[in-house]
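Let me begin by presenting the structure, written as structure tokens, before commenting on it.
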Amino acid sequence: MAEPGFYPEGARVSVLTTEPVGKPLDYLAPEGGCFPGAFVEVPLGPRRVVGVVWGPGDGRFAAEKLRAVVRVLDVPPMRAELQQFLIRMADYTMTSRPGVLRLATRTPGLFEPPGARKIYRLGAGTPARMTDAREKVLGVLGDHGGAGFYLTELAQLAGVTPQVVKGLVAQGAVVETEAPRDLPYPRLDPQLPGKALSGDQAAAAAALRAGLGQFGVTLLKGVTGSGKTEVYLEAVAECLAKGQQALVLLPEIALTSEFLARVEARFGARPGEWHSGATQAERRRLWRMVAEGGAQMVVGARSALFLPYRDLGLIVVDEEHDSSYKQEEGALYNARDMAVLRASLAGAQVVLASATPSLESWANAEAGKYRRLDLQSRFGTADLPEMRAIDMREERIESVHWISPSLVGAVQATLSRGEQAMLFLNRRGYAPVTICRACGHQIGCDHCDARMVEHRFLKRLVCHQCGETKPIPTACPSCGVEGKLAPVGPGVERLAEEVAERFPKARTAVLSSDLFGSARALKEAVESIAAGGADIIIGTQIVAKGHNFPLLTLVGVIDADLGLQGSDLRAAERTFQLMRQVAGRAGRADKPGLALLQTCQPEHPVIRAILGGDEEAFWRAEAAGRRAVGVPPYGRMAGIILSGPEVAPLFELGNQLARNAAPLTRIGAQLFGPAPAPIARVRGRHRVRLLIKAEKSAPLQGAIRAWLRGVKFPNAVKLAIDIDPQSFL
Numbered sequence: 001m002a003e004p005g006f007y008p009e010g011a012r013v014s015v016l017t018t019e020p021v022g023k024p025l026d027y028l029a030p031e032g033g034c035f036p037g038a039f040v041e042v043p044l045g046p047r048r049v050v051g052v053v054w055g056p057g058d059g060r061f062a063a064e065k066l067r068a069v070v071r072v073l074d075v076p077p078m079r080a081e082l083q084q085f086l087i088r089m090a091d092y093t094m095t096s097r098p099g100v101l102r103l104a105t106r107t108p109g110l111f112e113p114p115g116a117r118k119i120y121r122l123g124a125g126t127p128a129r130m131t132d133a134r135e136k137v138l139g140v141l142g143d144h145g146g147a148g149f150y151l152t153e154l155a156q157l158a159g160v161t162p163q164v165v166k167g168l169v170a171q172g173a174v175v176e177t178e179a180p181r182d183l184p185y186p187r188l189d190p191q192l193p194g195k196a197l198s199g200d201q202a203a204a205a206a207a208l209r210a211g212l213g214q215f216g217v218t219l220l221k222g223v224t225g226s227g228k229t230e231v232y233l234e235a236v237a238e239c240l241a242k243g244q245q246a247l248v249l250l251p252e253i254a255l256t257s258e259f260l261a262r263v264e265a266r267f268g269a270r271p272g273e274w275h276s277g278a279t280q281a282e283r284r285r286l287w288r289m290v291a292e293g294g295a296q297m298v299v300g301a302r303s304a305l306f307l308p309y310r311d312l313g314l315i316v317v318d319e320e321h322d323s324s325y326k327q328e329e330g331a332l333y334n335a336r337d338m339a340v341l342r343a344s345l346a347g348a349q350v351v352l353a354s355a356t357p358s359l360e361s362w363a364n365a366e367a368g369k370y371r372r373l374d375l376q377s378r379f380g381t382a383d384l385p386e387m388r389a390i391d392m393r394e395e396r397i398e399s400v401h402w403i404s405p406s407l408v409g410a411v412q413a414t415l416s417r418g419e420q421a422m423l424f425l426n427r428r429g430y431a432p433v434t435i436c437r438a439c440g441h442q443i444g445c446d447h448c449d450a451r452m453v454e455h456r457f458l459k460r461l462v463c464h465q466c467g468e469t470k471p472i473p474t475a476c477p478s479c480g481v482e483g484k485l486a487p488v489g490p491g492v493e494r495l496a497e498e499v500a501e502r503f504p505k506a507r508t509a510v511l512s513s514d515l516f517g518s519a520r521a522l523k524e525a526v527e528s529i530a531a532g533g534a535d536i537i538i539g540t541q542i543v544a545k546g547h548n549f550p551l552l553t554l555v556g557v558i559d560a561d562l563g564l565q566g567s568d569l570r571a572a573e574r575t576f577q578l579m580r581q582v583a584g585r586a587g588r589a590d591k592p593g594l595a596l597l598q599t600c601q602p603e604h605p606v607i608r609a610i611l612g613g614d615e616e617a618f619w620r621a622e623a624a625g626r627r628a629v630g631v632p633p634y635g636r637m638a639g640i641i642l643s644g645p646e647v648a649p650l651f652e653l654g655n656q657l658a659r660n661a662a663p664l665t666r667i668g669a670q671l672f673g674p675a676p677a678p679i680a681r682v683r684g685r686h687r688v689r690l691l692i693k694a695e696k697s698a699p700l701q702g703a704i705r706a707w708l709r710g711v712k713f714p715n716a717v718k719l720a721i722d723i724d725p726q727s728f729l
């Protein structure tokens, strides 16, 4: 007699693969049978592919026409909770089920048989002769500390042949070891004492601990430096004490190292890491240990949400407002929202932590859907920084300079006290536009409708849309005139030139993602600055995210108006969040901080809200404006993006869709477009957008499915559906 939920040999089973076939396919269970959720190898055409037993077969084909599952793979089966999460996510985001299954199985070597593999690590020896290729290998190993790599992975990352690695092994500079696969992680001890908490921290921690064991969402809102991390780590401790697993999502890899050190100090061991900087061997190990219960805690990027947790009790989304939680390619989803969905299915708690929460989370707390806990003051003796505007209309400043006399004076006063100053400009590179003074041509990307950004440190022009680079030309590519190309506008590299001119004795550090080859290199730079290794820090938005510089007392924002340009419905919200986060870097220790915002619009409501510090008034005003026009979070939106090599077929198809929009109008939705996307060509493909706007309660996904049903898309045309779009580019 078959066990419950067991498929005996020859039974019909439905198998979902990651191949783009759209739906599960029927097979016959293999010798020995299989369970629901089992990872299996199945024949598909002439190939063998990996899939998951999704359920019983649908019986539409005769048994003699079905092929048998080749074998059941030696990995823990997918739990019903994860399967339901993938189904619900696919339905909500309108992503194919194979597409979401790829997110849950994207682990190199996952299905290879168990055993030992050769791992390569940095050795103590020195090669007798150093070459460029050898230096690249040693550089990769150095950037990743003591991490071990597979041979092919290390060679690929270094851009060399495996023989180069083997040559370094022979000279002792690289060590080759036999490492057993997939060992459990060291146990974290939740009983170790944490840091002493203030009164409001202790109350918030107690509330979070009390909520564990059931589904719920808490918005943990605290001013920068208020100790939100220590509060939610107390909830992690309680979760681990209950024998459950915890997941902490971070918006940037650059924050991971500092956070891992704090976890190790709190629990006596390091948790598992999941992000693009982790090696293939570590990702495979973590995937299996999460499924088997050999990993208690995971710290990672948004894709860590798709790991096969055995007993997930807590999800923390740190800096929950951060736009990097939205996946903008492939399966389009917001990790913050999907974290809430996954927790609801797992019976887990969610903590959304931020000093400047998203309006969506703020509104859900206001409506009573989320619990809200506030930390009103900074931890210890630190006070919030004073914030003032510098009215650039009243400053006498040369056209080639960007730092106002008032800000120059404040920086000089700060340096004279032996303290650090930060200058913030949310523009990477040297200059955003390079223009020919002879003919007016602006150098653009060959593959995108975007201007190329000069990166003088790299001696290249870079497209920030597709990553294309080319040398900085000496002659205009349009008219051919030499010596007339000029950079227009400032980037952080150009700002660094001005700082060197105005403060020649100051030690300067530039923090921009373009300038660091690895997360480790960025971590080392941040640690050096925190230890006093620089007098003036120049940075893009990477400096606004969680870094703690004890000596930093002055923050100067070069262009506070930059984010207010354009028609993005979230422009005011994002500017408010970014300015408050940047200003919050100042005065985090025992010395008072000052934040100065250079602006040509000091009377702008957003600038006034930033300076006034009345955050609730800003959120109420922003909410009222959104509610009045029925846009998120008080309405629903979906973006439809058509892309292809030629623009005419895209508009033809877009107009056809617009003419046949009855399924949308039946639910009261409005359709706008088709129109060229603001960046109308990316990587050589033209892009046309349509935008759907509907009421909050409208069944939007069902209407879109009905609208698109039966529409034939040319082979060269790709369709992307973006539910709850964050970007409109």
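To convert, note that position 604 of the sequence shown is 604 in UniProt numbering; the numbers rise steadily by one, no gaps.
We treat Cβ as the ideally placed atom computed from N, Cα and C, and that holds for glycine.
- In the DSSP assignment, K470 falls within the unbroken beta strand (DSSP E) covering 469 to 471.
- Here the C-alpha atom of E282 lies approximately 36 angstroms from the C-alpha atom of A586.
- For the region 287 to 320, the full-length beta strand (DSSP E) segments reaching 3 residues or more read 297 to 300, 312 to 318 along the chain.
- According to the DSSP secondary-structure assignment, C436 is paired through a beta bridge with L485.
- Leaving aside the five residues that flank D559 on each side, the residues in its chain whose CB is nearer than 7 angstroms to its CB run, in chain order, L425, Q598.
- Rounded to whole angstroms, H441 and I397 show a C-alpha spacing of 27 angstroms.
- A straight line joining the alpha-carbon of S14 with that of E234 spans about 43 angstroms.
- For N715, the three-state secondary structure derived from DSSP is coil.
- V526 counts as buried, since no fewer than 16 other beta carbons sit within 10 angstroms of its beta carbon.
- Cβ-Cβ distances below 7 angstroms link A207 to L373 in the same chain, with the five nearest sequence neighbours on each side left out; the list follows chain order.
- Secondary structure of R209 (DSSP, three-state): helix.
- For G654, the uninterrupted alpha helix (DSSP H) run begins and ends at 647 to 659, by DSSP.
- Look at the beta carbons and you see the region 594 to 610 touching the region 390 to 410: at least three pairs across the two are nearer than 8 angstroms.
- In the three-state reduction of the DSSP assignment, D26 falls in the strand class, which pools E and B.
- In terms of Cβ geometry, V543 and A572 do not form a close pair [threshold 8 angstroms].
- A contact is defined here as three or more CB-CB pairs under 8 angstroms, and the region 210 to 229 meets this definition with respect to the region 352 to 360.
- In the DSSP assignment, Q84 falls within the unbroken alpha helix (DSSP H) covering 80 to 93.
- Note that the C-beta distance between Q420 and L578 is not below 8 angstroms.
- In the three-state reduction of the DSSP assignment, Q598 falls in the strand class.
- Residues P184, Y185, Q245, P271, G272, L286, M289 of the same chain have their beta carbon placed closer than 8 angstroms to that of A295, with the five preceding and five following residues left out of the count.
- T105 carries a helical assignment under DSSP once its states are collapsed to helix, strand and coil.
- Assignment of beta strand (DSSP E) within the region 397 to 469, counting only whole runs of 3 or more residues, yields 420 to 424, 433 to 436, 453 to 455, 460 to 462 in chain order.
- Taking the C-beta atoms as reference points, N548 is found no nearer than 8 angstroms to A531.
- Across the structure, F651 and L250 are spaced so that their CA atoms are roughly 39 angstroms apart.
- If you draw a straight line from the Cα of A521 to the Cα of T414, it is about 27 angstroms long.
- Rounded to the nearest angstrom, the gap between the Cα atoms of E258 and K505 is 30 angstroms.
- Assignment of C239 by DSSP, reduced to helix, strand and coil, places it in the helix class.
- Here L359 carries a helix assignment [DSSP, helix/strand/coil].
- Of the other Cβ atoms in all chains shown, 16 or more fall within 10 Å of the Cβ of M387; this residue is therefore buried.
- In this structure, A179 and R117 form a Cβ contact; the two beta carbons are roughly 6 angstroms apart against a cut-off of 8 angstroms.
- By the Cβ-count criterion, V248 is buried, with 16 or more other Cβ atoms from all chains shown falling within 10 Å of its own Cβ.
- Restricting attention to H401, L82, L407, Q670, the CA atom closest to the CA of V100 is found in L82.
- Contact between the region 464 to 477 and the region 397 to 413 is absent, with fewer than three C-beta pairs closer than 8 angstroms.
- For G199, the secondary structure class from DSSP, reduced to helix, strand or coil, is helix.
- Taking C-beta atoms under 8 angstroms as the contact rule, A158 and V169 fail to qualify, at a distance of about 14 angstroms.
- With contacts defined by Cβ atoms closer than 8 angstroms, R574 and S643 do not form a contacting pair.
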